[in-house]
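Heads up, the thing below is written out as structure tokens.
Chains as they are written, first to last, in this note's numbering: chain A, 1 to 573; chain B, 1001 to 1134; chain C, 2001 to 2346.
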């Protein structure tokens, strides 16, 4: 928050529409407006919190319909900024798909009474995010329908993301929560646990369903089985040490997480990776997207009993892994990205390898298409199942293929190009109904579009370095470290001191395989970030799942969950 | 067996089935006894818990279940009886001639009306719309 | 040797037939056991080849000894009966499943009258009809006894599924009984003999009934796309979730033997059994096994190709498509026979 570019509250002139509208409507309740690295941040009084959010959502000039993220920040011992009076901040990120702009809305809560009014009435998606902020920071959201712990165990003591919670503290908790919802004693329905260890749950999460025969009468979801508090870990690591942790978010397309992280930090630093690095990042990100979609579709149809498409498609995934292996020596968790570029250059036969993999991807996509797309049993299982309307999807904060399946053509690559996506020609497929079939078709088409992007990127793959020439960001080459004292000193200083970004906060976002993957970084200028918040696409998507399957058949629930492609590593972080 | 007397053939064919039954039952029994002898037994409480995705089950699985199963069972009985009546009719169909066709037509028509009625009433829907709303 | 044949000649015809029957039962039972083991292997291998995998290939040449290895392994697994289960029913269900599965195959002829059949019943079809409905008891027992919610749902599913499709299965036979004029399966096979070879078979003459049979039979034996009772991803493993070791092996055996049965029955009733496909070639039990193998391959192929139905879709398909089609076809056949259309006369 201590950004140098913070404007005084009475600033005028060319102000962003969001700030203008809120200033006009809220008057003195708008505390400050800041603009750092192009991110608009508006801080309002707690009393105006709900009103400001509603205004942002409903005002025709603003139209911030897409709920992105809500999180807490602990500004303990913040004596650098006179403007902050309270310890806790609540930060909301919104996006407008019509006007194509982001906004960050903030409010604060004092340590003595960290109460903030709930936004669950404004955005459906706020529900779990507020539970998470309560869980991790102890911020109480007044009026929340079910303010219970979400990521940590029920019997957990304390709020782990608070700065005064010891990093190494351990807390052994064994007994699971037996019942997630109240069931009347005379109920004739069957209470069934689907997950955490169930063949159709792609990862460890649990849905407890009240079954009326084959129909799900009511259900409740529980997550957090894989919670390891990535964000707390990130607070005690240097910026590049965080890269391997990002690999474990969406481990099906780990390269893209690192890509997103690097871009967010580069945005904070105000630097840009060299063109060759950006092009390779795009190529490998698109391959990762294909891989992720292969997993999403493949496992989804396995859940429907069609095992062959799964094996057909996984052949291409194997080829992509081999490509990644050739580039960086790792397959699943690649850690190939560095702040400011890449760890090393790609192998000499990179283009030939890519072309081979592209051919294999094209083949398996066509084969899977032939096996599935017009198969009547498959379509009858997918069409009109799990339909999600446009407005509802936005309110839940859906992004990526799921949102596009519901008919909203929002793709970060297209609307806010990064890493040179503006140079490439590709289409953004959208669905019409928002059912499982639309989500399937969108993913199938996106794989083909990814191939188009890779093809163009390969054609104009520039030569040159793959990491920025900046001694404060990039390590010198190993050969020089061993041969010359200056490089050795340089290496030592950088490893010891870390990358030191300016104080400030940024929200860096990319189009991950499941949609907008955002990193909200708060820096105080130290080598460790003060706060890192991942905006995980699955979290919003999975949040809607219980409401989608209530009243549906058990078999439909299985068809829906696969199409949402929920990855536990990203969901629980 | 055409060469033997009919009664003998009848007896042997049935006794062959009996023999077959005994062989199958014997096979199952031998297998289970052999298994009992050689299988290990390492008792633990955890193994005996009912599987429910890693959580402790709430309540018994023996509950009253959906009425739809009962409705379909009834439907099955009715139409299975139809099939049982049709089979002997089919055997002697040629011997009786056109009259059999007429009789069969009436019989099947009555059942077809019954099926149409059940269909119309919505009892062939596995998940009835009114059930879903409840 | 001559002593034995003298002794044999001295026996009464009934005693002779008795010994023949014993021999046949022993041989056929062992052949079935071998076939069952081979099917588990063949299914895994064939599916693997359809899916760019290798399948079991380490145990013996090309992995053919895999079923034996699996069998031995299962013998050395301990018994686990969940504490909430109904012990007796839980224990009985696999045995019932196996016995019911084997029994129906007793009336299938593999060759001409005589040696190649356990029992040439006058009422072969009725026997099949009766025995094939026994299998569902085993599944319902297994599903209910374990006191597990997934097995319970699986058991209920399969009960409803099996009786829905059994009806279509039974109705698909009526037309060909009409043409053959007999319940005896041997007669139905010979009724398909004619100058046109395979064009005389009931799969051509009774084509709609054949399709109904294939679909209903797939559903009867819980194979993809009708494998809902054990739908892995919804119900974990359906009715056999709680079974392990030998009891699991018995349930698996019952499933495969059921598949073998419906393929054998289909071969006899619709594909001309042991008749040769071309008029010039001799009839032989070999033909039976060729066609039978093709049907078994068909079931595996289906599994490699199709997703599964949703439960309500499956019930609708059974009641709203298969049963009306089968019934209508009975009337059509009856009409054609009465009108004396060629091909519908004996």
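Note that beta-carbon positions come from the ideal geometry of N, C-alpha and C, so glycine has one too.
Remark: C-beta atoms of residue 66 of chain A and residue 21 of chain A do not approach each other more closely than 8 Å.
The beta carbon of residue 195 of chain A is closer than 8 Å to those of 201, 204, 205, 206 and 207 in its chain, skipping five residues each way along the sequence. Below 8 Å, enough C-beta pairs join the stretch 276 to 288 of chain A and the stretch 329 to 343 of chain A to call them touching: three or more.
Residue 117 of chain A sits in a strand when the DSSP states are folded into three classes. Look at the stretch 2040 to 2073 of chain C: the residues with a C-beta under 7 Å from a C-beta of chain A are 2050, 2051, 2052 and 2053. Using a 10 angstroms sphere on the CB of residue 2072 of chain C, the tally of other CB atoms stays under 16, which defines it as exposed. If you draw a straight line from the Cα of residue 304 of chain A to the Cα of residue 36 of chain A, it is about 48 Å long. For the C-beta of residue 1052 of chain B, the chain A residues within less than 8 Å are, from N- to C-terminus, 192 and 193.
In the three-state DSSP reduction, residue 513 of chain A falls in the coil class, being neither helix nor strand. Residues of chain C with a Cβ closer than 7 Å to the Cβ of residue 1090 of chain B are, in chain order, 2174, 2177 and 2178.
Annotation note: the stretch 2257 to 2329 of chain C contains the following uninterrupted alpha helix (DSSP H) runs of length 4 or greater, listed N- to C-terminal: 2285 to 2305 and 2311 to 2316. In the DSSP assignment, residue 478 of chain A forms no beta bridge with any residue. Scanning chain B for C-beta atoms nearer than 7 Å to the C-beta of residue 38 of chain A yields nothing, as the closest lies near 46 Å away. Nearest CB-CB separation between residue 301 of chain A and chain C: below the 8 Å threshold.
Under the Cβ criterion of 8 Å, residue 2317 of chain C is not counted among the residues facing chain B.
At least one CB of chain B lies nearer than 8 Å to the CB of residue 176 of chain A. A straight line joining the alpha-carbon of residue 2296 of chain C with that of residue 2259 of chain C spans about 8 Å. Pairing residue 562 of chain A with residue 390 of chain A, the inter-Cα distance amounts to about 20 Å. Your pair residue 405 of chain A and residue 439 of chain A checks out as a contact, with CB atoms roughly 4 Å apart and the cut at 8 Å. In its chain, beyond the 5 residues on either side, 249, 250, 536 and 538 have a beta carbon closer than 6 Å to the beta carbon of residue 570 of chain A.
DSSP places residue 215 of chain A in the strand class (E or B) of the three-state scheme. If you draw a straight line from the Cα of residue 2017 of chain C to the Cα of residue 2294 of chain C, it comes to about 33 Å. The beta carbon of residue 393 of chain A lies closer than 6 Å to those of 403 and 406 in the same chain, with the five residues before and after it left out. Here residue 202 of chain A carries a coil assignment [DSSP, helix/strand/coil]. Shown here for residue 458 of chain A: same chain residues with a beta carbon closer than 6 Å to its own, the five before and five after excluded, namely 351 and 354 in chain order. In the three-state DSSP reduction, residue 62 of chain A falls in the coil class, being neither helix nor strand. With contacts defined as CB atoms closer than 8 Å, residue 30 of chain A and residue 42 of chain A qualify as a contacting pair.
Of the other Cβ atoms in all chains shown, fewer than 16 fall within 10 Å of the Cβ of residue 154 of chain A; this residue is therefore exposed. Excluding five sequence positions before and after residue 23 of chain A, the CB atoms of its chain that fall closer than 8 Å to its own CB belong to 15, 30 and 33, given in chain order. For the pair residue 2304 of chain C and residue 2039 of chain C, the CB atoms are not nearer than the 8 Å cut-off. The bridge partners DSSP lists for residue 141 of chain A are A:116. Beta bridge pairing from DSSP links residue 71 of chain A with A:91. A distance below 8 Å separates the beta carbons of residue 199 of chain A and residue 2236 of chain C. Boundaries of the alpha helix (DSSP H) harbouring residue 23 of chain A: 17 to 26, taken from the DSSP string. Under the three-pair Cβ rule at 8 Å, the stretch 1099 to 1118 of chain B does not count as touching the stretch 2270 to 2288 of chain C. DSSP, reduced to helix, strand and coil, places residue 504 of chain A within a strand of the structure shown.
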